[in-house]
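In the numbering used here, the protein residues as written are 62 to 525.
Okay, structure first, notes after.
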Ligand SMILES: Nc1ncnc2c1ncn2[C@@H]1O[C@H](COP(=O)(O)OP(=O)(O)OP(=O)(O)O)[C@@H](O)[C@H]1O
Ligand SMILES: [Mg+2]
C-alpha cells in the first residue's frame, strides 16, 4: 500500500511524539526514582557508619538491654530514621535474625523482614537496598557488628521511600495523560498542516498538467514566499519561457513554410508558362533562367533549414582538425571570384602570417566565411570593397570580413542573428547569420558585428 505524503508526515509527527513520550515514561521517570532512592540509601548508609558507635559499644558488653534500647532510640531521634538492632543466631545452621532493640513501636510501622540485613550478614559487610511490604517501600542500610569472632548483630537504619515511589508514579501518570493529548494534537496538527501543503502541491501538479496539455496562459497564484511559493514562482517563469519557445517554434514553422511556398509557387507559374508552345526562344531561356534561380533558392533554403534545425537540436557533429586559416581563407575567397566580377566588387585578403593554425572543423569554418562574404556582397551596392583579414593573438584565431557598404540600421543590429530576420530588400531568407553564429558557438567561439555607414565588420573569434 502506498501512503500519501500527507499520511506519512502525520504518522511521522505521531511517531516522533510517541518515542519522546515513551522515553519519558519508560526511561526518565524510573531513572528519577532510582536516583532519589539511591540518595536516601547513601544517607542511611552514612548514618549507619557514623552514628552507630554508641550502639556498637553496647552490643556484646555487659550492659543491660535497656541501655541498648535507649541508645537505639537516641540514634533514631538524631537521624530521624528507624533504627533496629537484630541479633544473629546460628542455632539452625543458617543465620537467623531476631530484633533485640527497635526505635519503632510495634504496629507503628509495617513489620519488616530485613532481607538486606541477611545479605549484610552473609557478606560480612554493610549492604543497602529496598524492601517492599504491604504496598509500602522501605529503604534499608544494614551494617554487621562482629564480636567473639563472628557477626553477632546487625544494625539496620531504615526509612520509608513510599513518598518517592508515589510521586514518581504520579509523574508517570501525568506523562501518560499529557503525552496522550500531545499525540492527538500531533496527529491532528500534522494532518491539517500536511493537508494544506498537499493542496498546494496538488495545485502545482494541476498547473504542470495544464502546461503539458499546451496551456501557457494561466500562471499559478503565488500565495506565500515559502519554498512552495518559490517553486510556484519558478514554475511560472518556466511556463512563461515555454510559452515563448512555443510561439517561437510556431513562428519558425510559419516563416519556414512561407519561405518555401514563395519559390514553389513561382516555380509552378514558370512551368505553366513554359508549357505554352508559341514562346519565342528568348523568353523561354529567360523563364528557364528564373526556374534555375528558384530551384537554387529552394536548394539553399532546404540545406540551411536542415543545418539550423540540426544545430538547434544539438545533433550537428563537428569534426575538428588542425586547420590552416590562411589557406582556407584564400580558398573560400577564390570561390567568390565570378560573383565579385558580377557585382563589380573588389576583395582584398590580409593574412597575418603564412600559416594561421586553429583546431576546428574546416568545412563548417568555410561555411561561416561563405555566409559573411556572401552578405558583404548581397547587402551592399555594386562596387563594394571587401577586406578579409585573418590572424592569431593570445590563444584566439580571428577572422574579420569588412565592407564599405551602407551599413546595418542600428535598430536591426541586435536582431540580425535571429533566424529569418532580414533588414533589407535583398532576397535573402535571413538564415545565414543565424547559422553562422550557432556554428561559432558550437566551436566555443563567437561572432560579433560592428556597423556604421561605410564600414561594417563581422568578426569571428575561435580558440586557436
Ligand atoms: N554586410 C552586411 N551589410 C549590410 N547588411 C547586412 C550585412 N550582413 C547582414 N546584413 C543584414 O542582416 C540580415 C541578416 O543576414 P543573414 O545572412 O542572416 O540573412 P540574409 O543574408 O538576408 O539571407 P540568407 O543569408 O539566409 O540568404 C540581412 O538581411 C541584412 O539585412
Ligand atoms: Mg546572408
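Just so it is clear, CB atoms sit at the ideal spot from N, CA and C, and this is done for glycine as well.
Candidates the options, of which the one nearest residue i by Cα
i, options, result
"residue 138", "232, 270, 165, 185", "165"
"residue 502", "521, 516, 349", "521"
"residue 439", "452, 371, 377, 493", "493"
"residue 475", "504, 481, 510, 454", "510"
"residue 382", "353, 192, 394, 422", "422"
"residue 198", "211, 174, 179", "174"
"residue 485", "393, 292, 436, 312", "436"
"residue 406", "372, 444, 237, 196", "444"
"residue 441", "489, 141, 83", "489"
"residue 390", "418, 368, 378", "418"
"residue 420", "448, 380, 432, 96", "380"
"residue 195", "208, 172, 209", "172"
Alpha-carbon spacing of residue i relative to residue j, whole angstroms
i, j, result
"residue 225", "residue 239", "21 Å"
"residue 427", "residue 268", "47 Å"
"residue 519", "residue 347", "36 Å"
"residue 152", "residue 158", "11 Å"
"residue 468", "residue 446", "13 Å"
"residue 472", "residue 517", "15 Å"
"residue 179", "residue 75", "49 Å"
"residue 309", "residue 370", "13 Å"
"residue 456", "residue 306", "36 Å"
"residue 280", "residue 296", "8 Å"
"residue 148", "residue 215", "7 Å"
"residue 330", "residue 337", "12 Å"
"residue 411", "residue 464", "14 Å"
"residue 316", "residue 387", "37 Å"
"residue 384", "residue 353", "35 Å"
"residue 91", "residue 111", "30 Å"
"residue 234", "residue 94", "14 Å"
"residue 211", "residue 177", "18 Å"
"residue 314", "residue 373", "14 Å"
"residue 482", "residue 303", "22 Å"
"residue 452", "residue 311", "41 Å"
"residue 85", "residue 237", "9 Å"
"residue 277", "residue 496", "29 Å"
"residue 434", "residue 265", "51 Å"
"residue 375", "residue 395", "31 Å"
"residue 367", "residue 415", "35 Å"
"residue 122", "residue 213", "12 Å"
"residue 432", "residue 293", "44 Å"
"residue 424", "residue 508", "17 Å"
"residue 71", "residue 249", "8 Å"
"residue 413", "residue 392", "16 Å"
Residue i, buried or exposed, once every other Cβ within 10 Å from all chains shown has been counted against 16
i, result
"residue 512", "buried"
"residue 300", "buried"
"residue 480", "buried"
"residue 515", "exposed"
"residue 459", "buried"
"residue 355", "buried"
"residue 145", "buried"
"residue 358", "buried"
"residue 402", "exposed"
"residue 218", "buried"
"residue 251", "buried"
"residue 333", "exposed"
"residue 283", "exposed"
"residue 408", "buried"
"residue 101", "buried"
"residue 326", "exposed"
"residue 344", "exposed"
"residue 142", "buried"
"residue 506", "buried"
Does the region 318-330 touch the region 351-365, meaning 3 or more C-beta pairs lie closer than 8 Å? The way I'd put it, the region 351-365 does touch the region 318-330; three or more beta-carbon pairs between them come closer than 8 Å.
On the three-pair Cβ rule with 8 Å, is the region 263-280 touching the region 117-133? Put simply, the region 263-280 does not touch the region 117-133. Fewer than three CB pairs are less than 8 Å apart.
Inter-stretch contact at 8 Å, needing at least 3 Cβ pairs: the region 229-237 / the region 201-213: The region 229-237, when compared against the region 201-213, does not touch it at the 8 Å Cβ threshold.
Between the region 187-198 and the region 105-123, can you find at least three pairs of beta-carbon atoms closer than 8 Å? Three or more Cβ pairs drawn from the region 105-123 and the region 187-198 lie within less than 8 Å of each other, which places the two stretches in contact.
Count Cβ pairs between the region 172-184 and the region 113-131 that sit closer than 8 Å; are there 3 or more? The region 172-184 is not in contact with the region 113-131.
Is it a yes or a no for the region 235-253 touching the region 76-87, going by three-plus beta-carbon pairs under 8 Å? As far as the Cβ criterion goes, the region 235-253 touches the region 76-87, which means the pair count is three or higher.
Indicate whether the contact test is met: 3 or more Cβ pairs, each with one atom in the region 250-264 and one in the region 110-118, closer than 8 Å. Contact between the region 250-264 and the region 110-118 is absent: fewer than 3 CB-CB pairs across the two stretches fall below 8 Å.
Under 6 Å, CB to nearest heavy atom of ligand 2: contacting residues: Taken from the N-terminal end onward, the list reads 432, 435, 436, 489, 493.
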